[in-house]
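> Numbering (this note's numbering), first residue to last: 1 to 145.
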Amino acid sequence: MNRCTASWVWDRNNTVEGILISMTHSTAFRSKENELLTMLKRLNDWQSDSDGAIDTAYAVLEMNQESLAALSEWDAQLSFEELRSFGEKNKNIFEAMIVKQKELIQFIKRESSKLSTQLSQMNHKSKAVKLYKNNDKSLFIDRDM
């Protein structure tokens, strides 16, 4: 698609500027594709190398969020036809990323729930200890002896 766009821009404008615009689009197209593959690689690496740490999952999520911002910038440099072509060409990558991203989010939700439960249990234990410390009654049966 990029070659066709370059040819069309050159034929219509017959200027060097037209070619430079087309080359920028071509570069943006490849850059966007590389960034997309990098995002998928991060998700795959997290899934295969994950040590079960929620910090790792958040780091992947954060890096991919930054990549999404870069993708948006490259979108602005691409023509409608290039965007459509990009979507068609990389449909499988998008689908794989969606599946992996959902798994990552589910992992984060599960870990968050576990941590929330643990924190709640710690708070209950802490309240029980404070209650016994503040109470005049003995904690152990033999304390009053």
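A virtual CB, placed ideally from N, CA and C, is assigned to each residue, including glycine. Computed from a predicted structure; not experimentally measured.
Can you grab the Cα-Cα spacing for the pair PHE107 / ASP51, in whole Å?
The sequence position of residue 107 within the sequence shown is 107, counting from 1. The sequence position of residue 51 within the sequence shown is 51, counting from 1. Approximately 12 Å between the Cα atoms of the pair.
> Hey, quick one: how far does the alpha helix (DSSP H) through ASP55 stretch, first residue to last?
By one-based count along the sequence shown, residue 55 stands at place 55. Residues 54–77.
> By Cβ distance, which residues of its chain are closer than 7 Å to MET39, with the 5 residues on each side in sequence left out?
The residue given as residue 39 occupies position 39 in the sequence shown. Here the set comprises ASN64, SER67 and MET97.
> For LYS41 and GLU88, I'd like the C-alpha separation in whole angstroms.
Here the question's residue 41 lines up with position 41 in the sequence shown. Here the question's residue 88 lines up with position 88 in the sequence shown. Roughly 20 Å separates the two Cα atoms.
> Within a Cβ cutoff of 6 Å, which residues of the same chain sit near SER31, ignoring the five residues on either side of it in sequence?
Working through the sequence shown from its first residue, we reach residue 31 at position 31. Closer than 6 Å at Cβ, skipping near neighbours: TRP74.
> Could you check the C-alpha separation between LYS127 and LEU83 for me, to the nearest Å?
On the sequence shown, position 127 is the one that residue 127 refers to. On the sequence shown, position 83 is the one that residue 83 refers to. So the alpha carbons of these two residues sit roughly 58 Å apart.
> Taking only the alpha-carbon atoms, compute the straight-line gap between SER26 and PHE86 and give it to the nearest angstrom.
Counted from its first residue, the sequence shown places residue 26 at position 26. Counted from its first residue, the sequence shown places residue 86 at position 86. Taking the straight line joining both Cα atoms gives about 11 Å.
> Leaving aside the five residues before and after SER72 along the sequence, list all residues of the same chain whose C-beta is less than 7 Å from its C-beta, in chain order.
Here residue 72 refers to the residue found at position 72 of the sequence shown. So no residue of the chain qualifies.
> Could you pull the start and end residues of the alpha helix (DSSP H) that ASN123 belongs to?
As a first step, residue 123 is located in the sequence shown; it is residue number 123 there, counting from the start. Segment 91–134, the alpha helix (DSSP H) holding ASN123.
> Determine the DSSP secondary structure at ASP51, reduced to helix, strand or coil.
Your numbering for residue 51 matches position 51 in the sequence shown. Three-state DSSP puts ASP51 in coil, outside helix and strand.
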